[in-house]
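Enquirer: Using this note's numbering, you'd call the opening residue of the sequence shown number 590 and step up by one each time.
From the three backbone atoms N, C-alpha and C, an ideal C-beta is built for every residue, glycine too.
For clarity, every value in this text was computed on a predicted model and none was experimentally measured.
Just passing along the structure, written as structure tokens.
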Amino acid sequence: DDEKQVKDARNLYNQLAEKLRKKITNYEKLQKAEEKLLSLQQPLGTVEVSVLDGHKKMLDKKQVTIKENDTMMSAIERACKSNGLDIKVRDNGAYIEEINGLAEFDMGIQSGWKGTLNGQFPDTSFAEVEIKDGDVITVE
Numbered sequence: 590d591d592e593k594q595v596k597d598a599r600n601l602y603n604q605l606a607e608k609l610r611k612k613i614t615n616y617e618k619l620q621k622a623e624e625k626l627l628s629l630q631q632p633l634g635t636v637e638v639s640v641l642d643g644h645k646k647m648l649d650k651k652q653v654t655i656k657e658n659d660t661m662m663s664a665i666e667r668a669c670k671s672n673g674l675d676i677k678v679r680d681n682g683a684y685i686e687e688i689n690g691l692a693e694f695d696m697g698i699q700s701g702w703k704g705t706l707n708g709q710f711p712d713t714s715f716a717e718v719e720i721k722d723g724d725v726i727t728v729e
């Protein structure tokens with residue numbers, strides 16, 4: 590099954606150390622396969638995503654179409670990518686390392702990206718938080 594192969598490839602890629610990821614020469618093929626799979630799914634609604642960097646809004650209330658099995662993290666990634674922001678995640682999508690050049694610890698030793706779903710901090714990683722139509726996601 591093509592979908593399983595694409596998901597397996599993504600999981601393997603996410604498990605690689607950053608040093609090894611840089612050696613991958615065909616990463617774009619994985620991204621295109623993921624985009625194709627996503628385009629084949631029926632939309633389930635939209636969520637609103639905002640990304641703040643402490644000083645300004647990088648994304649302000651952007652609507653993102655959600656599909657089956659989307660999570661808080663997949664919506665954040667889609668919002669960033671579709672609006673020209675580079676996002677880097679690690680730990681199988683559980684942790685945001687950097688958004689548009691602003692990385693963990695850039696604002697101090699205790700800094701890093703955190704987020705809320707409908708005003709509440711999730712008690713698990715963004716990659717495990719299920720979302721539904723009308724949800725509001727804020728990352729800062």
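(1) Label K651 either buried or exposed according to how many other C-beta atoms from any shown protein chain fall within 10 Å of its C-beta, with 16 as the threshold for buried.
(2) Have a look at E637 and V653 and give me their C-alpha separation to the nearest angstrom.
(3) What whole-angstrom Cβ distance do L648 and A668 have, given they're in contact under 8 angstroms?
(4) L633 by DSSP, collapsed to three states: which one?
(5) Kindly indicate which residue of I720, D724, K618 and G634 has the alpha-carbon position closest to the one of N707.
(6) Where does the unbroken beta strand (DSSP E) through D712 begin, and where does it stop?
(7) First and last residue of the alpha helix (DSSP H) that includes L605?
(8) How do the stretch 597-605 and the stretch 624-631 stand: do at least 3 beta-carbon pairs fall below 8 angstroms, yes or no?
Expert: Quick look at the numbers:
(1) buried
(2) 6 angstroms
(3) 6 angstroms
(4) strand
(5) D724
(6) Here D712 belongs to no beta strand (DSSP E), and DSSP marks it neither H nor E.
(7) Element bounds for L605: n/a, residue is neither H nor E.
(8) no
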